[in-house]
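Below is one structure, written out as structure tokens, with a few remarks after it.
There are 2 protein chains.
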Amino acid sequence: MELGSNRKSRMISLLRNANVRITDQRIALLSVISEANDHPDVLELQKRAKKICPSISLATVYRTLLSFLESGVVHRNSFEGGGARYEMAKEEHHDHIIDVDTGEVVEFNSDIIENLQFEIASKMGYDVIHHRLDLYCRKVSK
Amino acid sequence: MELGSNRKSRMISLLRNANVRITDQRIALLSVISEANDHPDVLELQKRAKKICPSISLATVYRTLLSFLESGVVHRNSFEGGGARYEMAKEEHHDHIIDVDTGEVVEFNSDIIENLQFEIASKMGYDVIHHRLDLYCRKVSK
DNA sequence: AGAATAATGATAATCATTCTCAAAGATAAG
DNA sequence: CTTATCTTTGAGAATGATTATCATTATTCT
Ligand SMILES: [Mn+2]
Ligand SMILES: [Mn+2]
Ligand SMILES: [Zn+2]
Ligand SMILES: [Zn+2]
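Chains V and A, in that order, give the protein sequences. To convert, take the position in the first sequence, counting from 1, and add 131; that gives the working numbering. To convert, take the position in the second sequence, counting from 1, and add 131; that gives the working numbering.
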């Protein structure tokens, strides 16, 4: 598979910003993650990236995800069962509903909950550095 | 170490209720968990249980925790980094604050947050089966 | 182009957890 | 209390996810 040159140069400039060398595997992974609208795991990401860069190894996928994570461009979700699942870091924070039957993930966010978390922690003498709110759910039977 | 016979028979009747054979390792583990007021991991649980039943193996700790989990007498917490941490199932639900510097865990609960979770899920067509709310925090510098 | 430096792929190592199976232990019947 | 049956245990192998190692290859700088 080929990568549109507009998309490709967008990826390249993002990588340049991050001060890392421009490689086919990093371009491929970044492209795959930024295009995804789900929450794929490492194997799925490798599978998708291989369509653009067939040689990409699992080790490189893990390494690259770690560096993207540290530079804040991706988020890692550790849901129950199976390995971590990744997504592009969005402008605004959100939490997740995980369908326990299908594994599907949907997003939500609640300013009220976020504020309550802050207040509760504060009252107990803590600053919230980060948090995880996962709702494991089942579709209501109509 | 010995186990007070009052405590021991309390453990035994709990196990009898669960319809499993009464073994020294199950008595030891159950006793250790029900006495803990922190959130120990498997290795810590084995260490503590060994004081009562020196022969208890890691495999048995894992196996027994799983059966306790299935019968609902313990809860398993998967915090970031390291293995699962366990606690006795309490009457009422609570969530956790994890001190990112020390690993210490403190508990809290907020009916308002719980209700909001329910409402959000409901509005999106889901029933909440279970959930996880972990606040990774740092003590406020005075 | 050539030297310097960083990234990659293959694979070994690690960590948490589960599985396997022969030996030991618990329970129930006689 | 003994025996027969059925369950649990301990030791270690196996698994799954992730990280580390290191020689080879690719990128960047001059
Ligand atoms: Mn998301
Ligand atoms: Mn707790
Ligand atoms: Zn949130
Ligand atoms: Zn809760």
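Every residue gets a Cβ at the ideal spot worked out from N, C-alpha and C, and that includes glycine. Given the structure is predicted, the values throughout are model-derived calculations rather than measurements.
query, result
"Since residue 226 of chain A and residue 270 of chain A should fall inside the 8 Å C-beta cutoff, what is the C-beta to C-beta distance between them, to a whole number of angstroms?", "Actually they do not touch by this definition, with Cβ atoms about 18 Å apart."
"For residue 187 of chain A and residue 247 of chain A, I'd like the C-alpha separation in whole angstroms.", "43 Å"
"Of all Cβ atoms in chain V, is any one closer than 8 Å to the Cβ of residue 155 of chain A?", "no"
"Quick one: list the residues of chain V neighbouring residue 256 of chain A, beta-carbon separation under 8 Å, in chain order.", "270 and 271"
"Just checking: is the beta-carbon of residue 231 of chain V within a distance shorter than 8 Å of some beta-carbon in chain A?", "yes"
"With DSSP collapsed to three states, give me the class of residue 142 of chain V.", "helix"
"What are the boundary residues of the beta strand (DSSP E) that includes residue 163 of chain V?", "Here residue 163 of chain V belongs to no beta strand (DSSP E); instead the alpha helix (DSSP H) covers 155–166."
"For residue 150 of chain V, collect the residues of the same chain with a Cβ closer than 8 Å to its Cβ; drop the 5 residues on either side in sequence, then sort them by chain order.", "none"
"What does the alpha-carbon distance come out to for the pair residue 189 of chain V and residue 195 of chain V?", "10 Å"
"Strictly below 9 Å CB to CB, what residues from chain A border residue 147 of chain V?", "Chain A residues near residue 147 of chain V: none, gap ~31 Å exceeds 9 Å."
"Counting only the same chain and skipping the five closest in sequence on each side, list residues whose C-beta sits under 6 Å from that of residue 267 of chain A.", "229 and 231"
"State yes or no: is the C-beta of residue 170 of chain V nearer than 7 Å to some heavy atom of ligand 1?", "yes"
"Count the CB pairs spanning the stretch 177–185 of chain V and the stretch 201–216 of chain V that are closer than 8 Å, and state whether there are at least three.", "no"
"Rounded to the nearest angstrom, what separates residue 154 of chain A and residue 143 of chain A at their Cα positions?", "9 Å"
"Starting from the N-terminal end, write out each residue whose C-beta falls within a distance shorter than 6 Å of any non-hydrogen atom of ligand 3.", "V/224, V/226, V/245, V/262 and V/264"
"Check whether the Cβ of residue 238 of chain V lies closer than 7 Å to any heavy atom of ligand 1, and answer yes or no.", "yes"
"Identify every residue that forms a DSSP beta bridge with residue 267 of chain A.", "V/261 and A/229"
"For my contact list, residue 183 of chain A and residue 134 of chain A are in at a C-beta cut-off of 8 Å; report their separation, rounded to the angstrom.", "6 Å"
"What span of residues does the alpha helix (DSSP H) with residue 223 of chain V cover, start to end?", "Taken as a continuous stretch (DSSP letters only), residue 223 of chain V belongs to no alpha helix (DSSP H), as it is neither H nor E."
"Which residues mark the beginning and the end of the beta strand (DSSP E) in which residue 208 of chain A is found?", "205–208"
"Give the residues of chain V in contact with residue 200 of chain A, contact being defined as C-beta atoms less than 7 Å apart.", "Near residue 200 of chain A there are no residues of chain V at all, since even the closest Cβ is about 13 Å away, more than 7 Å."
"For residue 255 of chain A and residue 169 of chain V, what's the separation of their Cα atoms in angstroms?", "17 Å"
"Assuming residue 197 of chain V and residue 264 of chain A make a contact with CB atoms under 8 Å, what is their CB distance in whole Å?", "The Cβ separation is near 26 Å, so there is no contact."
"By DSSP's criteria, residue 237 of chain A is part of a beta bridge. Which residues make up the other side?", "A/228"
"Just how far apart, CA to CA, sit residue 245 of chain A and residue 262 of chain A?", "10 Å"
"If the cut is a Cβ gap below 7 Å, which residues of chain A does residue 236 of chain V touch?", "By Cβ distance, chain A contributes nothing, its closest Cβ being about 12 Å from residue 236 of chain V, past 7 Å."
"Please compile the residues from chain A whose C-beta is within a distance smaller than 9 Å of the C-beta of residue 267 of chain V.", "259, 260, 261, 262 and 263"
"So residue 188 of chain V contacts chain A; which residues on that side make the cut at Cβ distance below 8 Å?", "Simply none; closest approach about 25 Å."
"Closer than 9 Å by beta-carbon distance: list the chain A residues that pair up with residue 247 of chain V, in chain order.", "241, 243, 244 and 247"
"Between the C-alpha atoms of residue 280 of chain A and residue 156 of chain V, what's the straight-line distance to the nearest angstrom?", "There is no way to answer for residue 280 of chain A, as the model of chain A reaches only from 132 to 273."
"Quick one: does the C-beta of residue 175 of chain V sit closer than 7 Å to a heavy atom of ligand 2?", "no"
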